[in-house]
Amino acid sequence: MERCGFCRGNTISAESGILQLSVHGRALPYRLTRSMTLADSRTLRLDYEVVNTGDAPFAGMWAAHPQFRVSPHTQIWLPDPVKQVMNVTDIPEVGNTRLCYDWPQATTQRGEVRHLDYVALPTEHRCRKFYVLPDHPVSWSGLRETPTGPWLHLEWDVENVPYLGSG
């Protein structure tokens, strides 16, 4: 295990085909460790562990915010049971927060049809954020370039991570 050169108190280790990165909290006493393993030639597994290193309990929330390169053909892929999503960001092109929209194709407050399952390019400077409704927890999501092109599948334990937000 070695100290990370750019972050005080953080460590990097690589043993038995597992790369681990750890960081210690500055405002709260905790250690977050991410372990990365090549499960097979097509699967990268990421595991996270948070340990309270202090004496008193504290509440916390973790959210993954992976960022991926996209194109006009990149589609957000959700399980079939997802029929609606909730908008959680005020954006004129979609509508106000807390409104639910049909997934994957929705009619905005202005009456325009939008394909919520396709993302905008970063150069368009548009962002949006939708949550899958809590009464339909999902255990996976993904991105695919076209129905037959490259794809990425993410999955998690819905008992530990019951909510999904999508942009």
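First residue of the sequence shown: -18, per my numbering; consecutive thereafter. Using N, Cα and C, we set each Cβ at its ideal position, and we do this for glycine too.
- Ranked by Cα distance from G35, the first of W121, R12 and D21 is R12.
- Residue pairing by DSSP places G76 opposite I72 in a beta bridge.
- Three or more Cβ pairs drawn from the stretch 49 to 64 and the stretch 96 to 116 lie within less than 8 Å of each other, which places the two stretches in contact.
- When secondary structure is reduced to three states using DSSP, E30 falls in the strand class.
- Its Cα nearest to that of P143, the residue P118 stands out among E136, G123, P118 and R7.
- Relative to P53, the option among P38, V100 and P85 whose CA is nearest is V100.
- When the beta-carbon positions are compared, R95 and T104 stay at least 8 Å from each other.
- CA-to-CA, the gap between G146 and S(-3) works out to about 34 Å.
- For E105, the secondary structure class from DSSP, reduced to helix, strand or coil, is helix.
- Counting only the Cα atoms, R91 lies some 47 Å from A20.
- Contact check for S122 against L135 passes: the beta carbons are separated by less than 8 Å.
- Here L2 carries a strand assignment [DSSP, helix/strand/coil].
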